Each structure stands twice: as C-alpha cells, then as structure tokens.
Amino acid sequence: MPCSSVRVSLDSVTDTDALQYAAIEKFQLARMRRIRKSLRAIKIPTMKKDALDSLSISLGPELDVGRNEATPSRISNTFFAPCDWPLDVLKGQTWNERGVWCNLDEVRPDPAILLQFPMSIMGWYEECLYRLSHLVPNLDQMSIKEQLGLSLPYRMFQERPSIMHYHEYCGMWAMFPPPEIELPHVSCFVLDSGVPKDDAILLSEAEAAVALVKYQLQQGFFTNHHTKPALIATLLRNQTARLTQAYFDGKQNKLILRQSRTLDLSGPEPSPDAWTLLRWIASQPVGETRYSAGQVDPTDAHGPDLTDLAPEVLV
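Position 269 (the sequence shown) corresponds to 269 in the working numbering; numbering is contiguous.
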C-alpha cells in the first residue's frame with residue numbers, strides 16, 4: 001500500500017507562524033459550525049447541487065476511483081491512496097469473509113427496516129477491514145473517538161408526525177491513522193436509505209463530511225496542517241455506494257466535496273465495484289497537508305483578520 005508524505009519540521013515553525021495557523025484554524029472551525037447549523041436545519045434528505053453554494057459548499061471534479069477492480073486508479077489530486085494489492089492477493093487475504101457477503105437479490109426487503117440492505121453490505125466490509133488491519137501497516141484504525149466528542153450524523157425523516165419514517169441515515173466506523181503518523185486524514189462509513197440522484201447530493205454525505213472535518217479542526221492536534229482531508233463511503237438502499245472526499249478550502253472559505261461515480265454492489269459475490277470500494281476505504285493518507293515555512297501571509301485577503309483573532313487564541 002503506497003503512503004507518501006512530505007513533512008515540514010516543527011523546528012522551522014516560528015511563534016508568528018503558530019499564531020497565524022491557530023487563527024486560521026479558529027476561523028475555519030467557526031465556518032464549519034455555521035455550515036453544520038445550516039445543514040441541521042434542512043428537513044429533507046437531499047440537497048440540490050445548485051443550492052450548495054449558499055451553504056458554503058462546493059462540488060469539485062469527480063473523484064476518479066477507476067473502473068477496473070484489478071488495477072486501482074492513478075492518484076490525481078486526492079489525499080487518499082487506494083490499496084494497490086493485486087486483486088488475487090486481496091481476495092486471498094479476505095477469503096474467510098466470503099461467507100459474510102449477502103446476495104441481496106435473494107432477500108425480501110422489509111419496509112420497516114430502512115437500512116436493511118446497507119447494514120447487510122456493511123457486515124462484509126467490517127470483516128474485511130478487520131482482517132486487513134492485522135496485515136497492513138498504518139491501515140486506518142477503527143476508533144472509539146466518537147466517545148471523545150466525534151458525533152457522526154444520525155437522522156430519520158417523516159412527512160408528518162405519527163406516521164412511518166420514510167428515510168434514515170447514520171454514520172459509522174470512524175477511522176483515523178495511527179497517532180504516531182501525525183496526519184489529519186479521517187474516514188467513515190455512512191448508511192443511507194436513499195438512492196443517488198444526478199441533480200442532488202445526499203444530506204448524509206455533507207453532514208458526515210462536516211462532522212469529520214470539524215472534529216479534526218476542534219481537536220487542535222493538527223494546527224500546522226492547512227488541510228484536514230476526510231473520506232466518506234456511503235452505502236445505499238439500492239445496493240450501490242458512493243465515495244466522497246471532503247476538505248475545507250481556506251482560499252475559497254468553502255467545504256469542497258468530490259464525489260465518485262455510483263458503484264454497483266449487487267450480485268451473488270462481491271462485484272468489481274465492491275472491491276474498488278474496499279480498496280479506497282482501506283486507503284493510505286497521501287499528499288502534502290502541512291504548511292510550508294512562510295506559507296501564510298498575514299495580509300492575505302482570503303484569511304481571517306489576525307489582529308482581531310489573535311488575542312483569543314491560545315498558543
């Protein structure tokens with residue numbers, strides 16, 4: 001599994017740099033809290049793409065996840081490198097989990113269990129990731145950080161009180177790189193009872209992105225990183241899935257989302273797209289996320305007014 005990261009020595013960070021980094025992080029955290037508040041006020045489970053700009057969210061180019069399960073896609077402007085093991089090796093290492101895969105074409109859907117199919121598919125990924133975590137150095141670890149303040153989204157929707165809910169979603173399994181790597185990348189699964197639409201994104205995808213990026217900002221562990229990347233794997237009701245990469249762009253002051261094509265997870269055995277999704281959720285953090293020495297300009301019009309924020313920042 002590839003993993004590359006160009007690091008900046010902390011010795012090169014001056015007190016002025018540290019103050020600027022902390023001020024920028026505080027500004028970004030405040031923006032993320034406003035975005036979260038706006039998302040929580042939405043009463044339907046989807047958002048039209050042409051309405052995202054008003055929420056300080058922008059859709060970037062499609063996240064290229066490749067179309068051949070035997071060879072993962074080339075990394076281009078991503079912060080996550082998918083597992084590059086040959087397919088036969090990947091299958092061999094997860095052979096014992098074959099029995100966990102559920103052929104949902106033979107399962108009768110229960111209208112009372114909105115997340116029935118996503119939960120069934122999730123079981124296979126849980127087992128595979130558990131298996132791979134014992135074999136691959138630095139594979140993101142299933143973490144208990146939710147108990148330390150990370151709140152992944154969970155919502156149910158109904159058209160009016162006292163009738164059955166028509167939509168449900170929840171975030172699961174937040175994964176972080178081992179602490180010794182000191183990288184801000186984070187990922188999670190989302191189970192959603194919806195289906196993908198061409199003109200809209202799912203509210204769950206945006207809420208999960210906000211939750212992960214906001215958590216990394218508010219912890220204060222990665223203040224010397226200008227980007228805190230997140231990766232969300234969304235499992236959907238119609239046996240499909242989608243990957244969403246997210247990060248806060250300090251120049252645009254927006255949350256940037258890049259989404260993959262819709263992945264087909266149907267079939268009696270794990271499909272080519274099912275292996276593609278496993279490769280990506282078992283990815284390694286890559287890309288330069290740290291500030292370079294002297295990178296921040298205190299007079300930059302895109303950043304916060306440091307003279308206003310500095311007295312409130314603890315460094």
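All C-beta atoms, glycine included, are put in the ideal place defined by N, C-alpha and C. Note that the structure is a prediction, hence the values are computed from the model and not measured.
Query, Result
"Opening and closing residue of the alpha helix (DSSP H) in which residue 30 lies", "15-40"
"Nearest-angstrom Cβ-Cβ length linking residue 153 and residue 211, presumed shorter than 8 Å", "6 Å"
"Top-ranked residue by Cα proximity to residue 317, from 216, 66, 103, 264", "For residue 317 there is no data in the structure shown, the boundaries of the chain being 1 and 315."
"Span separating the alpha-carbon of residue 32 from that of residue 254", "9 Å"
"Element boundaries [beta strand (DSSP E), containing residue 188]", "186-192"
"Alpha carbon of residue 27 to alpha carbon of residue 88, nearest angstrom", "47 Å"
"Cβ neighbour criterion (16 or more within 10 Å) applied to residue 237", "buried"
"Beta carbon of residue 184 nearer than 7 Å to that of residue 218", "no"
"Buried or exposed (CB count within 10 angstroms, at least 16 for buried), residue 112", "exposed"
"In DSSP terms, what residue 154 is bridged to", "170"
"First and last residue of the uninterrupted beta strand (DSSP E) at residue 58", "57-59"
"Sequence-distant residues of its chain with Cβ nearer than 8 Å to residue 158 (five each side left out)", "164, 165, 166"
"Same chain, Cβ closer than 6 Å to residue 207, neighbours up to 5 away in sequence not counted", "39, 153"
"Where residue 249 falls: helix, strand or coil (DSSP)", "strand"
"Cα-Cα separation, residue 48 to residue 57", "12 Å"
"Residue 239, DSSP secondary structure in three states", "coil"
"Under the three-state DSSP convention, the category residue 117 falls into", "helix"
"Residue from 270, 289, 287 with nearest C-alpha to residue 102", "270"
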